[in-house]
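Asks: Have a look at this one before I ask anything.
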Amino acid sequence: MQKSNHYLFIEAAVQRILSNDPEATSFQEEFYRMKAGLAGEKKLKNTLSDFSFKSDYSIFYNFECVNDRGFTHQIDALLITPYFILIFEVKQLSGKLFYKPLFHEFTRVTENQTHDNFPNPFDQVYRHKLFIKQFLQKLNITMPVLQLVVIANYRAELDISLEGFPIIHLSGLPRHLEKLYAENNHMKVNIDYICSQLKRLIHPLPARKTLARCRLKSGVLCQKCEYMSRMHYQRGFWKCEKCRSKSRVALLETLHHYRVLISPRISNKELREFTGIKSTFAASKILTRLNLEKYGATKGSYYLIPEDIYYKGDD
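Printed below as a string of structure tokens:
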């Protein structure tokens, strides 16, 4: 699954933030939630990949854009068929789920009877639905736009108060899709034009948080030591001073951290300060070997760190 910029930021933050930072725990908790959410989205993708669609179709995962009013939309999955459009909101929740429609209140009760309130997923997905309907109106296209909340954790229990609302367990998705095809077969549109216009809307959203440089651990950090110890360059490898493990890609991960946490632009001096490399010549040699795009030829020159310096997007 494609990770959002915010996910990449939080993921890097938990590896780099100083252990005594007052927000270290909250970053860790947010990462656990986002990691669980991504796992749920992967389950949805696997289920849809296994389904035999009755028509042409296209699926946009992690669809991010900005509407005409400047507000953002982040849709977990957007299914386009000639007969209907289906907007997915995926939840990887456990416990027993309740809903009070009069108050738009969505609640979870855990095994130890803890009550947790969550943002109402029906309101979330309905907002996306209104946006997609307005988008279709601008294209002079009329077709059903549907919404569905999918619970990807089979251990979750749906209370009877959720009956009649667009929410199902992931295991029931194939039957639900069959039902949608049976109920929405009166009109048929060409999805190529819709998909081409949706692609034009895609606008990856920036991370919703920032971290000052002084709150981050510097150095090339050892992944096997959970980023708690530094590595040093020795004869073509980065070697951990604690566990003695070796890596050829540790520097690439460090540059990825710099890119998502600080800036996609890095100078020779900034590379030395962030990695602990002491020699200007050695830093220059590393930057040249990585074949990073260089801007400027004087003292103010910098290099551009590409998005795929370490991560390749899909896992």
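According to the numbering used here, the sequence shown is numbered sequentially starting from 948.
All C-beta atoms, glycine included, are put in the ideal place defined by N, C-alpha and C.
No experiment lies behind these values; they were computed from the predicted model shown.
1) Could you spell out the range, first to last residue, of the beta strand (DSSP E) harbouring residue 1221?
2) Distance check for residue 961 and residue 1206, CA to CA, integer angstroms please.
3) May I have the straight-line CA-CA distance separating residue 1243 from residue 1236, to the nearest angstrom?
4) What are the boundary residues of the beta strand (DSSP E) that includes residue 1092?
5) Could you check which residue in 1042, 1070, 1184 has the C-alpha nearest to that of residue 1057?
6) Compare the C-alpha of residue 955 against each of 1217, 1202, 1250, 1231 and name the closest.
7) Secondary structure at residue 1179, three-state DSSP: helix, strand or coil?
8) So, using beta-carbon positions, are residue 1215 and residue 1227 closer together than 8 Å?
9) Among residues of its own chain, excluding the 5 on either side of residue 1027, which ones have a beta-carbon nearer than 7 Å to its beta-carbon?
10) Against chain C, with Cβ distances strictly below 8 Å, would residue 978 count as a contact?
11) Kindly indicate which three-state DSSP category residue 1187 falls into: helix, strand or coil?
12) Who are the Cβ neighbours of residue 1167 in its own chain at under 6 Å, not counting the five residues just before and after it?
13) For residue 1023, is the classification buried or exposed, using 16 other Cβ atoms within 10 angstroms of its Cβ as the cut-off for buried?
14) Give every residue of the same chain whose Cβ lies closer than 7 Å to the Cβ of residue 1075, excluding the five residues on either side of it in the sequence, and list them in chain order.
15) Nearest CA to the CA of residue 1117: which residue from 1102, 1129, 1073?
16) Whole angstroms is fine: what's the gap from residue 1036's alpha carbon to residue 1158's?
17) So, helix, strand or coil for residue 1204, using DSSP?
18) Specify the secondary structure class of residue 1072 as computed by DSSP and reduced to three states.
19) What is the rounded straight-line gap between the Cα of residue 1094 and the Cα of residue 1113?
20) Can you list, in chain order, the residues of its chain with a C-beta nearer than 7 Å to that of residue 1192? Leave out the 5 residues immediately preceding and following it.
21) Taking the straight line between their C-alpha atoms, what separation do you get for residue 1218 and residue 1000?
22) If I follow the unbroken alpha helix (DSSP H) through residue 957, where does it start and stop?
23) Which residue comes first and which comes last in the alpha helix (DSSP H) that contains residue 997?
24) In this structure, how does DSSP classify residue 1008 when only helix, strand and coil are distinguished?
25) Report all residues from its chain with a CB closer than 7 Å to the CB of residue 1144; omit the five preceding and five following residues, and keep chain order.
26) Classify residue 1021 as helix, strand or coil using the three-state DSSP reduction.
27) Is residue 1264 helix, strand or coil by DSSP?
Replies: Once the coordinates are examined:
1) Mapped onto the sequence shown, residue 1221 falls at position 274. Where residue 1221 is concerned, there is no enclosing beta strand (DSSP E), although the alpha helix (DSSP H) it sits in stretches over 1215-1222.
2) Taking the first residue of the sequence shown as 1, we reach residue 1206 at position 259. Taking the first residue of the sequence shown as 1, we reach residue 961 at position 14. If I take the Cα positions, the gap works out to 15 Å.
3) Working through the sequence shown from its first residue, we reach residue 1243 at position 296. Working through the sequence shown from its first residue, we reach residue 1236 at position 289. Their Cα atoms are separated by approximately 18 Å.
4) As a first step, residue 1092 must be located in the sequence shown, where it is residue number 145. Where residue 1092 is concerned, the enclosing beta strand (DSSP E) starts and stops at 1092-1098.
5) In the sequence shown, residue 1057 corresponds to position 110, counting from 1. Selected option, being the one with the closest Cα: 1042.
6) The residue labelled residue 955 in the question sits at position 8 within the sequence shown. It is 1202.
7) By one-based count along the sequence shown, residue 1179 stands at place 232. Strand.
8) For this step, residue 1215 is matched to residue 268 along the sequence shown. For this step, residue 1227 is matched to residue 280 along the sequence shown. Yes, these two residues count as a Cβ contact at 8 Å.
9) Position 80 of the sequence shown, counted from the first residue, corresponds to residue 1027. A distance below 7 Å between beta-carbons, with the five flanking residues on each side excluded, links residue 1027 to the following residues of its chain, in chain order: 1004, 1005, 1138, 1141, 1142.
10) Going by chain labels, chain C is absent from the structure shown, which holds only one protein chain.
11) The residue given as residue 1187 occupies position 240 in the sequence shown. Residue 1187 falls in the strand class under three-state DSSP.
12) As a first step, residue 1167 is located in the sequence shown; it is residue number 220 there, counting from the start. So the qualifying residues of the chain are 1178, 1185, 1197, 1198, 1201, 1222.
13) Here residue 1023 refers to the residue found at position 76 when the sequence shown is read from its first residue. Around the beta-carbon of residue 1023, 16 or more other beta-carbon atoms lie within 10 Å, marking it buried.
14) The residue given as residue 1075 occupies position 128 in the sequence shown. If we look at residue 1075 and ignore the five residues flanking it on each side, its Cβ neighbours are 1020, 1022, 1034.
15) Within the sequence shown, residue 1117 is the residue found at index 170, counting from 1. The shortest Cα separation from residue 1117 among 1102, 1129, 1073 belongs to 1102.
16) To locate residue 1036, count along the sequence shown from 1; it is residue 89. To locate residue 1158, count along the sequence shown from 1; it is residue 211. Taken atom to atom, the span from the alpha-carbon of residue 1036 to that of residue 1158 is near 29 Å.
17) Within the sequence shown, numbered from 1, the residue matching residue 1204 stands at position 257. Residue state, collapsed to three classes: helix.
18) In the sequence shown, residue 1072 corresponds to position 125, counting from 1. Helix, per DSSP.
19) Counting from 1 along the sequence shown, the entry for residue 1094 is found at position 147. Counting from 1 along the sequence shown, the entry for residue 1113 is found at position 166. Answer to the nearest angstrom: the Cα atoms are 7 Å apart.
20) Counted from its first residue, the sequence shown places residue 1192 at position 245. Within its own chain, the residues whose Cβ lies closer than 7 Å to the Cβ of residue 1192, once the five positions on either side in sequence are excluded, are 1169, 1171, listed in chain order.
21) What you label residue 1218 is simply residue 271 of the sequence shown in a count that begins at 1. What you label residue 1000 is simply residue 53 of the sequence shown in a count that begins at 1. Whole-angstrom Cα-Cα distance: 50 Å.
22) Residue 957 sits at position 10 when you count from the first residue of the sequence shown. Counting along the chain, the unbroken alpha helix (DSSP H) around residue 957 starts and ends at 952-963.
23) Position 50 of the sequence shown, counting from 1, holds the residue named residue 997. Taken as a continuous stretch (DSSP letters only), the alpha helix (DSSP H) holding residue 997 covers 971-997.
24) Counting from 1 along the sequence shown, the entry for residue 1008 is found at position 61. In this structure, residue 1008 counts as strand in the three-state DSSP scheme.
25) Taking the sequence shown and counting its residues from 1, the one referred to as residue 1144 is at position 197. Only 1086 meet the Cβ criterion.
26) As a first step, residue 1021 must be located in the sequence shown, where it is residue number 74. Taken through DSSP and simplified to helix, strand or coil, residue 1021 comes out as strand.
27) The chain is shown from 948 up to 1262; residue 1264 falls before or after that span and cannot be answered.
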